[in-house]
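The next block holds one structure in the form of structure tokens; read it before the comments.
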Amino acid sequence: MALLITAPQSVNTSDALLIYVVDEDAALCDALRRLFDSVGLGVCALANLDGFLEAYQPERPGCLLLDNGMPGRDGLSAQHWLRQREIDLPVIIMAGHSDVATAVAAMKQGALDFMVKPFNEQLLLDGVHHALAEDRVRRRNRAWKQDLQSRFNTLTPREQDVLRRMAEGLSNQDIADVLSLSRKTVEVHRAKVMQKMQTHVLSQLIRMAMTLGILQLYDPEA
Numbered sequence: 687m688a689l690l691i692t693a694p695q696s697v698n699t700s701d702a703l704l705i706y707v708v709d710e711d712a713a714l715c716d717a718l719r720r721l722f723d724s725v726g727l728g729v730c731a732l733a734n735l736d737g738f739l740e741a742y743q744p745e746r747p748g749c750l751l752l753d754n755g756m757p758g759r760d761g762l763s764a765q766h767w768l769r770q771r772e773i774d775l776p777v778i779i780m781a782g783h784s785d786v787a788t789a790v791a792a793m794k795q796g797a798l799d800f801m802v803k804p805f806n807e808q809l810l811l812d813g814v815h816h817a818l819a820e821d822r823v824r825r826r827n828r829a830w831k832q833d834l835q836s837r838f839n840t841l842t843p844r845e846q847d848v849l850r851r852m853a854e855g856l857s858n859q860d861i862a863d864v865l866s867l868s869r870k871t872v873e874v875h876r877a878k879v880m881q882k883m884q885t886h887v888l889s890q891l892i893r894m895a896m897t898l899g900i901l902q903l904y905d906p907e908a
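For the sequence shown, the tail end lands on 908 under the working numbering, and the numbers increase by one without skipping.
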């Protein structure tokens, strides 16, 4: 396993961006290390996915540049391997030649980009910055969902039932009828739901329910 790590000296390494490069071509890894180091990005270069798994730091933002031609595991199977381990880093597939079918398949498997060697340095940097921006979005979304889940978990089972009906658009009286409660009791539960979910706006509560998977988006084709 080849491991090269560099990080800007002026930043906290727990927050520093880290670009993982998985490719057994040591010369390419060294060239990419120099390129990313020149723009202040930390680099972790490894020869295979087992090495990546050992070095991976999930708390650090970053992205993964993954060789499509690794022995025994191409980029597509590698992406499946990553998903099985719940690794959600944005992936850029690196390929030795242009192949539309492979590129399309890689994107369908979740790759953010597909780049052909040898690289145009500016295009590669642009792609990496795009991947880093995507990682920031994913991390914010995960943190938001975790926060919402924590709020939801403070609800009693009955309050959770009321929330679901509220998100479906039922009136207090309709909820009372469905749950065999008095309207006054539903109003009390409704107030508790809004308080614990930390919102006073029904439309925001509905968006929260969608984020949590409690309320599915309407599909006109279903």
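We treat Cβ as the ideally placed atom computed from N, Cα and C, and that holds for glycine. The model shown is predicted, which means the values in this text are computed figures rather than measured ones.
Please report the Cβ distance between residue i and residue j, rounded to the nearest whole angstrom; I am assuming they are in contact, meaning their Cβ atoms lie under 8 Å.
{"i": "V879", "j": "I861", "result": "About 11 Å; that fails the 8 Å criterion."}
{"i": "I779", "j": "G761", "result": "4 Å"}
{"i": "L901", "j": "E854", "result": "7 Å"}
{"i": "V708", "j": "D753", "result": "6 Å"}
Tell me whether residue i is buried or exposed, calling it buried when 16 or more other Cβ atoms sit within 10 Å of its Cβ.
{"i": "V656", "result": "Not covered by the structure: residue 656. The range shown for the chain is 687 to 908."}
{"i": "G782", "result": "exposed"}
{"i": "S700", "result": "Model confidence at S700 stands at a pLDDT of 44, short of 50, so the residue's coordinates are unreliable and nothing is read from them."}
{"i": "P744", "result": "exposed"}
{"i": "N858", "result": "buried"}
{"i": "H886", "result": "exposed"}
{"i": "M894", "result": "buried"}
{"i": "H766", "result": "exposed"}
{"i": "L798", "result": "buried"}
Run through DSSP, which three-state label would residue i get?
{"i": "G761", "result": "helix"}
{"i": "M756", "result": "coil"}
{"i": "I892", "result": "helix"}
{"i": "A733", "result": "coil"}
{"i": "A781", "result": "strand"}
{"i": "L727", "result": "coil"}
{"i": "V707", "result": "strand"}
{"i": "L739", "result": "helix"}
{"i": "L898", "result": "helix"}
Should residue i be counted as a contact of the ligand SAH given a C-beta to heavy atom distance under 7 Å?
{"i": "D716", "result": "The model depicted lacks the ligand SAH and carries no ligand whatsoever."}
Who are the near neighbours of residue i in its chain, counting only those whose CB is closer than 7 Å to its CB and skipping five residues on each side?
{"i": "D821", "result": "P747, G748, C749, L775, P776"}
{"i": "E807", "result": "L721"}
{"i": "L810", "result": "M801"}
* To do: Write down every uninterrupted run of the beta strand (DSSP E) in the stretch 785-867 whose length is 3 residues or greater and which is fully enclosed by it, in chain order.
  => 799-802
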